[in-house]
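Asker: Mind looking over this structure? Questions follow.
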Amino acid sequence: KSKQTSISSFFKKE
Amino acid sequence: MFEARLGQATILKKILDAIKDLLNEATFDCSDSGIQLQAMDNSHVSLVSLTLRSDGFDKFRCDRNLSMGMNLGSMAKILKCANNEDNVTMKAQDNADTVTIMFESANQEKVSDYEMKLMNLDQEHLGIPETDFSCVVRMPAMEFARICRDLAQFSESVVICCTKEGVKFSASGDVGTANIKLAQTGSVDKEEEAVIIEMQEPVTLTFACRYLNAFTKATPLSTQVQLSMCADVPLVVEYAIKDLGHIRYYLAPKIED
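Going down the list, the protein sequences come from chains A and B. Convert by adding 90 to the 1-based position in the first sequence; the result is the number in the working numbering. Convert by adding 1 to the 1-based position in the second sequence; the result is the number in the working numbering.
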């Protein structure tokens with residue numbers, strides 16, 4: 091089973 | 002004072018159609034270089050980034066940087082009132098809490114204007130790092146939309162595997178397995194029909210079909226779509242908006258649990 095990752099874990103808050 | 006005018010309302014309608022399934026509201030950041038929008042969908046799986054360059058507008062004026070938070074459902078209601086060939090002008094005063102959207106028929110005999118309340122949105126701006134992608138695929142936007150629609154029948158996820166031979170889209174579920182392979186095109190008469198693959202390293206990634214299908218709502222904007230992929234980083238799906246800018250969607254991959 092694959093798990094969905096979150097976009098905010100790849101891009102940092104500015 | 003902010004004022005931006007486009008020759009045809011249809012382009013703004015298409016842009017809104019391309020984002021309104023993913024976003025309920027969004028902030029349009031206006032500056033003298035143009036209009037930018039960056040927003041994550043509600044579940045924080047994808048990010049939409051829209052760039053409209055000031056030089057792509059028939060008229061563009063932005064004296065002071067302005068952030069306009071808009072409810073996209075409200076904006077859709079207003080744009081529904083425009084004919085495709087109408088001119089469209091967006092106007093706002095500095096520090097205003099409303100934006101005026103005006104439509105003019107080609108013969109100028111019908112002029113309508115709609116004032117929409119702006120919203121104060123808590124905007125979380127994300128920095129997107131520069132990435133050297135392992136694979137960049139350019140293909141007809143209609144073909145990509147067709148593949149996403151077809152594969153969504155079989156699974157919630159699609160696996161995209163790109164090698165120098167071509168790109169393969171696969172979905173596996175209760176019905177069985179579906180594989181769609183596209184080879185790089187040799188010579189084509191029309192540039193918009195080409196499939197072009199630039200590969201540094203082969204890559205295989207898994208993505209949620211429902212987001213890919215949401216991205217394909219941008220298909221009417223562009224004949225070609227560009228997919229940029231790299232192991233363990235978000236997929237970038239880019240549609241160029243001719244002479245005006247582009248819309249990019251970033252989609253977080255699914256990983257083995």
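All C-beta atoms, glycine included, are put in the ideal place defined by N, C-alpha and C. None of the values given here were measured: they were computed from a predicted structure.
#1: Given this structure, state the Cα-to-Cα distance separating lysine 182 of chain B from isoleucine 20 of chain B, to the nearest angstrom.
#2: Does threonine 207 of chain B come within less than 7 angstroms of chain A when only Cβ atoms are used?
#3: At which residue ranges does the stretch 150-204 of chain B contain complete beta strand (DSSP E) runs of 3 or more residues, listed in the order of the chain?
#4: Could you pull out every residue in the same chain whose Cβ sits closer than 8 angstroms to the Cβ of aspartate 244 of chain B, ignoring the five residues on either side in sequence?
#5: Please classify cysteine 82 of chain B as buried or exposed, where buried requires at least 16 other C-beta atoms within 10 Å of its C-beta.
#6: Helix, strand or coil: which one does DSSP assign to glycine 8 of chain B?
#7: Buried or exposed: where does serine 96 of chain A fall if 16 or more other Cβ atoms within 10 Å of its Cβ makes it buried?
#8: In whole angstroms, what is the alpha-carbon distance linking serine 34 of chain B and arginine 54 of chain B?
#9: Can you list, in chain order, the residues of its chain whose CB lies under 6 angstroms from that of valine 168 of chain B, leaving out five sequence neighbours each side?
#10: Could you check what DSSP says for isoleucine 248 of chain B in three-state terms: helix, strand or coil?
#11: For leucine 7 of chain B, would you say it is in contact with chain A, using Cβ-to-Cβ distances shorter than 7 angstroms as the test?
#12: Are the stretch 103-115 of chain B and the stretch 126-133 of chain B in contact at 8 angstroms, needing three or more beta carbon pairs?
#13: With distance defined between alpha-carbon atoms, name the residue in B/Ser156, B/Leu38, B/Met71, B/Cys63 nearest to serine 92 of chain A.
#14: Threshold first: 4 residues or longer. Then list the alpha helix (DSSP H) segments lying entirely within the stretch 54-100 of chain B, N to C.
#15: With a threshold of 7 angstroms on Cβ separation, who are the neighbours of alanine 146 of chain B within its own chain once the five nearest residues in sequence on each side are excluded?
#16: Roughly how many angstroms separate the alpha carbons of cysteine 231 of chain B and lysine 118 of chain B, rounded to a whole number?
#17: Could you tell me if alanine 5 of chain B is buried or exposed, where buried requires 16 or more neighbouring beta carbons within 10 angstroms of its beta carbon?
#18: Taking DSSP as the reference, what is the three-state secondary structure of cysteine 231 of chain B?
#19: Which two residues bound the contiguous beta strand (DSSP E) that contains phenylalanine 101 of chain A?
#20: Determine the chain A residues that contact methionine 41 of chain B at a beta-carbon separation under 8 angstroms, and present them in chain order.
Answerer: In brief:
#1: 28 angstroms
#2: yes
#3: 158-163, 167-173, 178-184, 197-200
#4: Gly57
#5: exposed
#6: coil
#7: exposed
#8: 6 angstroms
#9: Val138, Leu183
#10: strand
#11: no
#12: no
#13: B/Ser156
#14: 73-81
#15: Thr217, Thr220
#16: 41 angstroms
#17: buried
#18: coil
#19: Element bounds for phenylalanine 101 of chain A: n/a, residue is neither H nor E.
#20: Ile97, Ser98
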